[in-house]
Amino acid sequence: MTESTTEHTLVKQQREFNKLRKRLRRNVGQAIADYNMIQDGDKVMVCLSGGKDSYTMLDILINLRDHAPINFELIAVNLDQKQPGFPEHVLPEYLSSIGVPFHIIEKDTYSIVKEVVPEGKTTCGICSRLRRGSLYGYARQNGITKIALGHHRDDIIETLFLNMFYGSKIKAMPPKLLSDDKTNIVIRPLAYAQESDIARYAEAMKFPIIPCNLCGSQENLQRQAIKTMLQGWEKQFPGRLENIFRSIQNISPSQMGDLDLFNFTDLEQFRQEPTGEEDRFQDDIQQPALAR
Numbered sequence: 001m002t003e004s005t006t007e008h009t010l011v012k013q014q015r016e017f018n019k020l021r022k023r024l025r026r027n028v029g030q031a032i033a034d035y036n037m038i039q040d041g042d043k044v045m046v047c048l049s050g051g052k053d054s055y056t057m058l059d060i061l062i063n064l065r066d067h068a069p070i071n072f073e074l075i076a077v078n079l080d081q082k083q084p085g086f087p088e089h090v091l092p093e094y095l096s097s098i099g100v101p102f103h104i105i106e107k108d109t110y111s112i113v114k115e116v117v118p119e120g121k122t123t124c125g126i127c128s129r130l131r132r133g134s135l136y137g138y139a140r141q142n143g144i145t146k147i148a149l150g151h152h153r154d155d156i157i158e159t160l161f162l163n164m165f166y167g168s169k170i171k172a173m174p175p176k177l178l179s180d181d182k183t184n185i186v187i188r189p190l191a192y193a194q195e196s197d198i199a200r201y202a203e204a205m206k207f208p209i210i211p212c213n214l215c216g217s218q219e220n221l222q223r224q225a226i227k228t229m230l231q232g233w234e235k236q237f238p239g240r241l242e243n244i245f246r247s248i249q250n251i252s253p254s255q256m257g258d259l260d261l262f263n264f265t266d267l268e269q270f271r272q273e274p275t276g277e278e279d280r281f282q283d284d285i286q287q288p289a290l291a292r
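Heads up, the sequence shown is in our numbering, so the first residue is 1 and it goes up one at a time.
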């Protein structure tokens, strides 16, 4: 490869990276604006796991903090679950190098999970509940006004199908959430970002990724099966995942079947006597030729 060819390749790679970074920043900025996630004076706790998603979220929020017309604080918080072999030095060294205030919560949830969950069973459910409890508690005790989690668009779509297939509910992950006890507000700034973009960005940025070894790979997880299904759909029908995500934002309660969301039982009281114009009106809309 000649020197000029190498230079051309590097320029092209840099151009593609700039487009990727701009797209992710635009995704995050739009999600924050649409759901009013961050206000002036907020103290935002960025939950950092050491994975690609939370690193990317922190990086973009730092940029937003430095350039947004409002003032807000960031603090990165990691929960050290005392997993054997966990590289405790990685996150403190990285966060110190970029000048972000941080705190490490040390709590041995690993032992609890291993004690409670039978060998070979999925640990993600109880692990996430224990994590959430620790993070929520820290937020309440330290004046945190927003808790930022790194879930992205694909996570939200997968959760929708998981709840439909295994929980008989149409329920996903909202971009913004008030906790059940009403004391914490959770935000998901990556709600509009695609996982593939995040993966490419994390690789290009060379974030010091820490894999989750608590549960092993757990390849047979229900979420993995859903992910495989959705990726197959997207490959066969490009754009399908975006349409599914938009449908989460475009719900018609009267066209569903939830008795708590729409008053189906009393529809009779809203029925009107026909005036004679209804058939012509419907024909004009559905079959314009019939109205001629």
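Ideal placement from N, C-alpha and C gives every residue a C-beta, glycine not left out.
Among L48, K43 and F86, the one whose alpha carbon lies nearest that of R65: As a working mapping, residue 65 is identified with position 65 in the sequence shown. Checked all of L48, K43 and F86; the closest Cα to R65 is K43.
Whole-angstrom distance between A76 and H67, CA atom to CA atom: Within the sequence shown, numbered from 1, the residue matching residue 67 stands at position 67. Within the sequence shown, numbered from 1, the residue matching residue 76 stands at position 76. Rounded to whole angstroms, H67 to A76 spans 19 Å at the Cα level.
In chain order, each beta strand (DSSP E) run of at least 3 residues that lies wholly inside the segment 22-55: 43-47
Contacts around S192, its chain only, beta-carbon distance under 7 Å, and the 5 residues preceding and following it disregarded: Translated into the one-based positions of the sequence shown, residue 192 becomes position 192. The sequence given here has Tyr at residue 192, not Ser. These residues qualify, in order along the chain: N27, Q30, A31 and R153.
R21 versus R240: straight-line alpha-carbon distance, rounded: Position 21 of the sequence shown holds residue 21. Position 240 of the sequence shown holds residue 240. Cα-Cα distance, rounded: 23 Å.
Pair within 8 Å by beta-carbon distance, Q156 and L230: Start at 1 with the first residue of the sequence shown, and residue 156 comes out as number 156. Start at 1 with the first residue of the sequence shown, and residue 230 comes out as number 230. Note on identity: in this sequence residue 156 is Ile, with Gln being the wrong assignment. No, these two residues do not count as a Cβ contact at 8 Å.
Separation of Q272 from I60, as counted between CA atoms: Residue mapping note: residue 60 aligns to position 60 of the sequence shown, counting from 1. Residue mapping note: residue 272 aligns to position 272 of the sequence shown, counting from 1. So the alpha carbons of these two residues sit roughly 54 Å apart.
Residue nearest to I62 in terms of C-alpha spacing, selected from E278, E268, L74 and S196: Your numbering for residue 62 matches position 62 in the sequence shown. Of the listed residues, the one whose Cα sits closest to I62 is L74.
Run of the beta strand (DSSP E) containing F207, from where it starts to where it stops: Position 207 of the sequence shown, counting from 1, holds the residue named residue 207. Run containing F207: none; DSSP gives neither H nor E here.
Beta carbon of A199 nearer than 8 Å to that of K52: Start at 1 with the first residue of the sequence shown, and residue 199 comes out as number 199. Start at 1 with the first residue of the sequence shown, and residue 52 comes out as number 52. In contact: A199 and K52 (Cβ atoms closer than 8 Å).
Beta-bridge pairing of A139 - partner residues as DSSP gives them: On the sequence shown, position 139 is the one that residue 139 refers to. None; A139 has no bridge partner.
Option in G133, V46, F207 and E195 with minimal Cα separation from K103: Residue 103 sits at position 103 when you count from the first residue of the sequence shown. At residue 103 the sequence reads His, which differs from the Lys that was named. It is V46 whose Cα lies nearest to the Cα of H103.
Proximity to L48 [Cα-Cα], best of S196, L160, I105 and T9: Within the sequence shown, residue 48 is the residue found at index 48, counting from 1. Ranking S196, L160, I105 and T9 by Cα distance to L48 puts I105 first.
Classification of T56 by the beta-carbon crowding that lies within 10 angstroms, buried from 16 upward: Against the sequence shown, residue 56 aligns to sequence position 56. Flag for T56 reads buried.
CA-to-CA distance, Q14 to S4, given in whole angstroms: As a first step, residue 4 must be located in the sequence shown, where it is residue number 4. As a first step, residue 14 must be located in the sequence shown, where it is residue number 14. Answer to the nearest angstrom: the Cα atoms are 15 Å apart.
Per DSSP, cross-strand counterpart(s) of V186: Position 186 of the sequence shown, counted from the start, is the residue given in the question as residue 186. Answer is I147 and L177, bridged to V186.
K107 versus R246, L79 and E278, residue with shortest Cα-Cα distance: For the purposes of this step, residue 107 is identified with residue 107 of the sequence shown, where counting begins at 1. Nearest option by C-alpha distance: L79.
contact_flag[the segment 86-105, the segment 239-255] where n(CB pairs < 8 Å) is 3 or more: no
Chain-order list of residues whose beta-carbon lies under 7 Å from that of S217 (same chain, five-residue window excluded): Numbered from its first residue, the sequence shown carries residue 217 at position 217. Because S217 sits at a pLDDT of 44, beneath the cut-off of 50, its placement in the model cannot be relied upon, and the following sentence gives the value as read from the coordinates. Correct list: empty, nothing qualifies.
Integer-rounded CB distance, given that I170 should sit under 8 Å from T145: One-based indexing of the sequence shown puts residue 145 at position 145. One-based indexing of the sequence shown puts residue 170 at position 170. Not really, about 30 Å apart at Cβ, beyond 8 Å.
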